[in-house]
Amino acid sequence: QQQVKQSPQSLIVQKGGISIINCAYENTAFDYFPWYQQFPGKGPALLIAIRPDVSEKKEGRFTISFNKSAKQFSLHIMDSQPGDSATYFCAAPISSGSARQLTFGSGTQLTVLP
Amino acid sequence: NAGVTQTPKFQVLKTGQSMTLQCAQDMNHNSMYWYRQDPGMGLRLIYYSASEGTTDKGEVPNGYNVSRLNKREFSLRLESAAPSQTSVYFCATLSAGAGGLGHTDTQYFGPGTRLTVL
Numbered sequence: 001q002q003q004v005k006q007s008p009q010s011l012i013v014q015k016g017g018i019s020i021i022n023c024a025y026e027n028t029a030f031d032y033f034p035w036y037q038q039f040p041g042k043g044p045a046l047l048i049a050i051r052p053d054v055s056e057k058k059e060g061r062f063t064i065s066f067n068k069s070a071k072q073f074s075l076h077i078m079d080s081q082p083g084d085s086a087t088y089f090c091a092a093p094i095s096s097g098s099a100r101q102l103t104f105g106s107g108t109q110l111t112v113l114p
Numbered sequence: 001n002a003g004v005t006q007t008p009k010f011q012v013l014k015t016g017q018s019m020t021l022q023c024a025q026d027m028n029h030n031s032m033y034w035y036r037q038d039p040g041m042g043l044r045l046i047y048y049s050a051s052e053g054t055t056d057k058g059e060v061p062n063g064y065n066v067s068r069l070n071k072r073e074f075s076l077r078l079e080s081a082a083p084s085q086t087s088v089y090f091c092a093t094l095s096a097g098a099g100g101l102g103h104t105d106t107q108y109f110g111p112g113t114r115l116t117v118l
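Going down the list, the sequences are from chains E and L. Per our numbering, the very first residue in the first sequence carries number 1; after that it's consecutive. Per our numbering, the very first residue in the second sequence carries number 1; after that it's consecutive.
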């Protein structure tokens with residue numbers, strides 16, 4: 001019952017290249033779209049997030065692009081570096097039960113070759 | 001500040017054994033969560049707790065129980081471990097942002113417990 005569908009499952013990019021990870025959602029009530037980054041052996045950590053009233057948000061080499069009509073948002077990593085090698089998760093908030101929750105995509109394992 | 005801490009880091013169990021995974025936070029967050037992470041499956045919510053004294057089932061609660069001991073601590077118990085519970089388990093808290101649903105909510109994760117059930 002994944003509410004955000006993430007692709008690709010894995011991605012290999014050369015150093016200096018652009019990494020692009022995509023997520024699609026169904027629930028138009030989502031109003032906040034974060035991306036989490038997870039290094040091997042560590043827990044995920046918030047990387048960057050966007051609200052749907054803007055089409056793009058940039059922080060350093062990381063950019064989120066948001067397409068409301070297509071119900072898609074994507075993470076772009078410019079000038080990818082070996083240190084960016086990690087698993088990336090998109091997420092969205094859901095209203096379910098007694099606590100606020102995030103629903104996560106299935107993850108993308110990014111490998112940046114030196 | 002330690003953030004979210006989990007013990008143990010690694011554990012190997014035999015089928016049928018029981019164990020408790022411990023989680024503690026010093027971030028003063030009300031909500032706490034237990035996830036499991038499996039290859040290709042992302043993060044799946046097992047149980048969560050909106051506040052001290054309350055717990056609720058998530059997406060995959062079967063075979064698990066939880067206890068919210070106080071505001072700081074949230075434990076996950078496997079009563080009779082099965083090989084299907086081999087996974088990496090993460091505890092997390094949530095910092096709720098102001099405004100509407102989920103607006104700027106941030107989840108803080110512990111370092112994880114790698115559990116193998118033989």
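Even glycine gets a Cβ: it sits at the ideal position worked out from N, Cα and C. As the structure is a computational prediction, the values presented were derived from the model and not from experiment.
Exercise. Taking only the alpha-carbon atoms, compute the straight-line gap between E:K68 and L:T5 and give it to the nearest angstrom.
Key: Position 68 of the first sequence, counted from the first residue, corresponds to residue 68 of chain E. Position 5 of the second sequence, counted from the first residue, corresponds to residue 5 of chain L. Between E:K68 and L:T5, the C-alpha separation is close to 37 Å.
Practice problem: Express the C-alpha separation of E:V13 and E:P82 in angstroms, rounding to a whole number. | Solution: Residue 82 of chain E sits at position 82 when you count from the first residue of the first sequence. Residue 13 of chain E sits at position 13 when you count from the first residue of the first sequence. Taking the straight line from one Cα to the other gives about 9 Å.
Quiz prompt | Neighbour-count burial assignment, E:P8, 16 or more Cβ in a 10 Å radius | solution = Start at 1 with the first residue of the first sequence, and residue 8 of chain E comes out as number 8. Note on E:P8: under 16 other CB atoms within 10 angstroms of its CB, so exposed under the neighbour-count rule.
Practice problem: Return yes when the Cβ of E:S98 is within less than 8 Å of the Cβ of L:D56, no when it is not. | Solution: Position 56 of the second sequence, counted from the start, is the residue given in the question as residue 56 of chain L. Position 98 of the first sequence, counted from the start, is the residue given in the question as residue 98 of chain E. In contact: L:D56 and E:S98 (Cβ atoms closer than 8 Å).
Exercise. Spatial neighbours of L:E52 within its chain, please: CB distance less than 7 Å, with the 5 preceding and 5 following residues excluded, ordered by chain position.
Key: Taking the first residue of the second sequence as position 1, residue 52 of chain L is located at position 52. Taken in chain order, the residues that qualify are R68, N70, K71.
Quiz prompt | Where L:T93 falls, given that 16 or more other Cβ within 10 Å makes a residue buried | solution = Taking the first residue of the second sequence as position 1, residue 93 of chain L is located at position 93. So L:T93 ends up on the buried side.
Practice problem: Say whether chain B places a C-beta atom closer than 8 Å to the C-beta of E:P52. | Solution: As a matter of chain content, chain B is missing from the structure shown, whose protein chains are E and L.
Self-check item: Close Cβ partners of E:G41 (< 6 Å) along its chain, the five nearest in sequence each way excluded
Solution: Sequence index remark: in the first sequence, residue 41 of chain E carries index 41 (1-based). Answer for E:G41: no residue qualifies.
Quiz prompt | Strand pairing of L:L115, partner residues [DSSP] | solution = Residue mapping note: residue 115 of chain L aligns to position 115 of the second sequence, counting from 1. Paired residues: L:Q11, L:S87.
Quiz item: For the region 60–94 of chain L, which residues have a beta carbon sitting closer than 7 Å to at least one beta carbon of chain E?
Solution: Answer set for the region 60–94 of chain L: F90, L94.
Quiz item: Could you check where the beta strand (DSSP E) with E:H76 kicks off and where it finishes?
Solution: Position 76 of the first sequence, counted from the first residue, corresponds to residue 76 of chain E. Run containing E:H76: 72–77, per the beta strand (DSSP E) assignment.
Exercise. Compare the beta carbon distance of L:G42 and E:F104 with 8 Å and say whether it is the shorter of the two.
Key: Against the second sequence, residue 42 of chain L aligns to sequence position 42. Against the first sequence, residue 104 of chain E aligns to sequence position 104. Closer than 8 Å, so yes.
Self-check item: Span of the beta strand (DSSP E) around E:E59
Solution: On the first sequence, residue 59 of chain E is found 59 positions in, with the first residue counted as 1. Looking at the DSSP string, the run of the beta strand (DSSP E) that includes E:E59 is 56–59.
Quiz item: Can you find a C-beta in chain E that's less than 8 Å from the C-beta of L:D105?
Solution: As a working note, residue 105 of chain L is residue 105 in the second sequence. Contacts with chain E at 8 Å (Cβ-Cβ) include L:D105.
Quiz item: Considering only residues of the same chain and omitting the five flanking positions on each side of L:P83, which have a CB-CB separation below 8 Å?
Solution: Start at 1 with the first residue of the second sequence, and residue 83 of chain L comes out as number 83. Hits under 8 Å: T15, V117, L118.
Exercise. Look up L:T5 in the DSSP assignment and give the residues it is bridged to.
Key: Stepping through the second sequence from its first residue, residue 5 of chain L is reached at position 5. The partner list for L:T5 (beta bridge, DSSP) reads L:A24.
Quiz item: Name the DSSP bridge partner or partners of L:D56?
Solution: The residue you call residue 56 of chain L lines up with position 56 of the second sequence. Answer by DSSP bridge pairing, in chain order: L:Y48.
Exercise. Decide yes or no for the touch test of the region 57–71 of chain E against the region 7–14 of chain L: beta carbon pairs closer than 8 Å, at least 3 of them.
Key: No: the two stretches stay apart, fewer than three of their Cβ pairs being nearer than 8 Å.
Quiz item: Roughly how many angstroms separate the alpha carbons of L:F74 and L:M32, rounded to a whole number?
Solution: For this step, residue 74 of chain L is matched to residue 74 along the second sequence. For this step, residue 32 of chain L is matched to residue 32 along the second sequence. If you take the alpha carbons of L:F74 and L:M32, they lie about 7 Å apart.
Quiz item: Hey, does L:D26 have any beta-carbon neighbour from chain E nearer than 8 Å?
Solution: Along the second sequence, one-based indexing puts residue 26 of chain L at 26. Not a single CB atom of chain E sits nearer than 8 Å to the CB of L:D26.
Quiz item: Is the beta carbon of E:A86 less than 8 Å from the beta carbon of E:L110?
Solution: Walking along the first sequence from the start, residue 86 of chain E turns up at place 86. Walking along the first sequence from the start, residue 110 of chain E turns up at place 110. Taking the C-beta atoms as reference points, E:L110 is found nearer than 8 Å to E:A86.
Practice problem: Please confirm whether any heavy atom of the ligand ATP lies closer than 7 Å to the CB of L:S80. | Solution: Of the ligands one can find in the structure shown there are none, so the ligand ATP has no counterpart to examine.
Self-check item: Collapsed DSSP secondary structure at L:D38 in the structure displayed
Solution: Your numbering for residue 38 of chain L matches position 38 in the second sequence. Note: L:D38 maps to strand in three-state DSSP.
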